[in-house]
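Scroll down for the structure; my scribbles are underneath it.
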Amino acid sequence: MTLVSQSLDVDINGAGSATLPAPARSSASTLAPRPRSDFVETGALKDLTRRGLSFLRAGYPLHFRGPAGTGKTTLALHVAAQLGRPVILISGDNELGTADLIGSQRGYHYRKVVDRFIHSVTKLEETANQQWTDHRLTTACREGYTLVYDEFTRSRPETHNVLLGVFEEKMLFLPAQAGRDHYIRVHPDFRAIFTSNPLEYAGVHSSQDALADRLATIDVDYPEREMEVAVAAARSGLPKAAAARIVDLVRAFRASENYVQTPTLRSSLMIARVAALEGYTVAADDPRFVQLCLDALESRVFSGSQAKLSERQERRTALLALVATHCPAAGAKPVRVRATPKAVESLA
Ligand SMILES: Nc1ncnc2c1ncn2[C@@H]1O[C@H](COP(=O)(O)OP(=O)(O)OP(=O)(O)O)[C@@H](O)[C@H]1O
Numbered sequence: 001m002t003l004v005s006q007s008l009d010v011d012i013n014g015a016g017s018a019t020l021p022a023p024a025r026s027s028a029s030t031l032a033p034r035p036r037s038d039f040v041e042t043g044a045l046k047d048l049t050r051r052g053l054s055f056l057r058a059g060y061p062l063h064f065r066g067p068a069g070t071g072k073t074t075l076a077l078h079v080a081a082q083l084g085r086p087v088i089l090i091s092g093d094n095e096l097g098t099a100d101l102i103g104s105q106r107g108y109h110y111r112k113v114v115d116r117f118i119h120s121v122t123k124l125e126e127t128a129n130q131q132w133t134d135h136r137l138t139t140a141c142r143e144g145y146t147l148v149y150d151e152f153t154r155s156r157p158e159t160h161n162v163l164l165g166v167f168e169e170k171m172l173f174l175p176a177q178a179g180r181d182h183y184i185r186v187h188p189d190f191r192a193i194f195t196s197n198p199l200e201y202a203g204v205h206s207s208q209d210a211l212a213d214r215l216a217t218i219d220v221d222y223p224e225r226e227m228e229v230a231v232a233a234a235r236s237g238l239p240k241a242a243a244a245r246i247v248d249l250v251r252a253f254r255a256s257e258n259y260v261q262t263p264t265l266r267s268s269l270m271i272a273r274v275a276a277l278e279g280y281t282v283a284a285d286d287p288r289f290v291q292l293c294l295d296a297l298e299s300r301v302f303s304g305s306q307a308k309l310s311e312r313q314e315r316r317t318a319l320l321a322l323v324a325t326h327c328p329a330a331g332a333k334p335v336r337v338r339a340t341p342k343a344v345e346s347l348a
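Terminal number for the sequence shown in the UniProt record's numbering: 348, no gaps in between.
The structure is reproduced here in structure tokens:
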């Protein structure tokens, strides 16, 4: 009777991990970003991509900085995809600590012994041996992956001390529990792309000077009209003319500065996708469409209900005027739309 052993590591904190070669194990999963069919690539986006890649090729960590909804995360993943390496994604969070980036002692070791001839015969051995598990930064540095660190300023600045050595000395220093590796040399293919929003008012920290000084920062602004229309049309399935009406309405509202929360590309997308799915007419004489615009945009005018009624009425009148101007009623040839299977699918 031959017995073969098969090891299965189960991470008691929930992230199951496959057995990896010694010395380190990893709990990081990678992405292989591929362009989505409704990805829009305008000249401006190509230019940002080219500029970003030029820093990355020279070995600098890249940082896309800009307001919410300007397409930074999409752009970061698009640029990462051009590098052709597996991508590891991290989202900034106040609770994120150094151990979450580099690794920790964790895990519970099961050993399952299976009888090769009588498969119903198995033996389960349990040991409480903890072992070092690489986390996302360590895996990326060790294997030469691309790290995309989204909204990194949501994490506490001290969490990022470990990054300084990675970018300057190309070394990642590990704590003693990591075993024989006190540091690892960063793989030459390792690259990092950060995103942040300098205008976010809640839950962000200012970027540490030493880290900011090491990053090649490119500012990303609200997309130009052509891009916004193309994204709204591609992601909703609406005809371009109908998408353009919605985008012009949202852009005019943005330009009015009569809001507390900036209406972004997401507002255009929200209106376009719901209008397409529900088969509304993109025009001021379809009350359902007008109500949709109010629902999507009016909440951005006031925070909560503390505003005076007269003030609310005044702002609503201004918003309705914008709808009438940019989505004129039937006499001015409104664009009749129907939900396409693609739009329905993308809402799912
Ligand atoms: N090039 C593009 N093609 C298609 N859709 C896009 C493109 N760029 C952005 N979008 C869409 O626009 C929306 C906003 O983009 P994204 O989430 O990348 O912005 P962001 O700047 O990272 O926002 P936030 O700071 O709020 O996280 C998303 O729904 C995204 O899918």
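The beta-carbon is built from N, C-alpha and C at its ideal position, and this holds for glycine as well.
For the 8 angstroms CB-CB criterion, L265 and E228 form a contact. In this structure, DSSP gives G103 an extended state, which the three-state scheme calls strand. Boundaries of the alpha helix (DSSP H) harbouring H78: 72 to 83, taken from the DSSP string.
Annotated three-state conformation of S37 is coil, per DSSP. Annotation for S268: the continuous alpha helix (DSSP H) segment containing it runs 265 to 278. When beta bridges are read from the DSSP output, I193 appears opposite L62, V148.
When DSSP reads this structure, I218 sits in a beta bridge with F64. By the neighbour-count criterion, in which a residue is buried when 16 or more other Cβ atoms sit within 10 angstroms of its Cβ, D286 is buried. Rounded to whole angstroms, Q313 and S299 show a C-alpha spacing of 13 angstroms. In the assembly as shown, K72 is a buried residue. Its beta-carbon has 16 or more other beta-carbons within 10 Å. Non-local C-beta neighbours of A76 in its own chain, meaning closer than 6 angstroms and more than five positions away in sequence, comprise F64, V148, I193, T195, ordered along the chain. Residues R136, Y149 of the same chain have their beta carbon placed closer than 6 angstroms to that of I90, with the five preceding and five following residues left out of the count. Under a 10 Å Cβ-count criterion, G66 is classified as buried, with 16 or more other Cβ atoms of the shown protein chains found around its own Cβ.
Residues close to ligand 1 by the beta carbon criterion (under 5 angstroms to any non-hydrogen atom) are, from first to last along the chain, F39, V40, A68, G69, T70, G71, K72, T73, T74, N197, V231, L265. Taking the Cβ atoms as the reference, C327 lies roughly 6 angstroms from L249, within the contact range of under 8 angstroms. Between the alpha carbons of E224 and G43 lies a distance of about 10 angstroms. In terms of CA proximity to R156, H205 leads the group G144, H205, A140. In this structure L292 touches I271 by the C-beta definition: roughly 6 angstroms separates them, less than 8 angstroms. The three-state reading of DSSP puts L45 in helix, counting H, G and I together. R156 carries a coil assignment under DSSP once its states are collapsed to helix, strand and coil.
Taking 8 angstroms as the cut-off, the beta carbon of T49 is found closer than this to the beta carbon of V79.
Note on N94: under 16 other CB atoms within 10 angstroms of its CB, so exposed under the neighbour-count rule. In the DSSP annotation of this structure, the continuous segment of the alpha helix (DSSP H) that includes F167 starts and ends at 161 to 168.
Beta-bridge partners assigned by DSSP to I184: L172.
Annotated as distal: A243 and A252, with beta-carbon spacing of 8 angstroms or more. By a beta-carbon distance limit of 8 angstroms, R191 does not contact L320. Their separation comes to about 49 angstroms.
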